[in-house]
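Chemist: Below is a structure I'd like to ask you about.
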Amino acid sequence: MEKATKTRYSDSELQEFKELIQEKLRMAREEFLSLTSSLSSPNSNGTEDTSGTYKTLEDGSATLEKEQLNQLAARQKKFIENLEAALVRIENKTYGICRETGKLIQKERLRAVPHATLSMEAKMKQS
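Plus 1174 on top of the position in the sequence shown (first one is 1) and you've got this note's numbering.
Written as structure tokens, this is what we have:
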């Protein structure tokens, strides 16, 4: 008897992915809060009484650091949105189905990148 090709993950498999995603989401939100609190706290390194030149360098360094923090925070926010979208797909029972090929995305890939919407096959064609 030939085994039919699976078209979706079982409810128990979806539950396993849901728990994985919820844990990643919890950690991602913590990191996002940490980044945003770093952005909102004033950068005081005690350089107020040093020479003007040093202060200018310090301001430039602080600006660069703030830009990097902003980029990290934006990436983290996007990651959180992708994980939340994955939870919606779990609820709709469409999680793990490649949006290009319609085939199941390998479990190993989903464990590594739980918000993936493309199978490796489709991802390779894209690049």
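Even glycine gets a Cβ: it sits at the ideal position worked out from N, Cα and C.
(1) Between the region 1237 to 1251 and the region 1178 to 1186, do at least 3 Cβ pairs fall closer than 8 Å?
(2) What residue ranges within the region 1206 to 1294 form continuous alpha helix (DSSP H) runs of no fewer than 4 residues, ordered along the chain?
(3) Taking E1213 and K1240 to be in contact with their CB atoms under 8 Å, please state how far apart those CB atoms are, rounded to whole angstroms.
(4) Taking contact to mean at least 3 C-beta pairs separated by less than 8 Å, is the region 1284 to 1291 in contact with the region 1201 to 1211?
(5) Would you check if there are 3 or more beta carbon pairs closer than 8 Å linking the region 1194 to 1202 to the region 1251 to 1268?
Modeler: This is what the structure holds:
(1) no
(2) 1226 to 1265 and 1281 to 1286
(3) Before going on, a small fix: residue 1213 reads as Leu here, not Glu. Confirmed, about 7 Å.
(4) no
(5) yes
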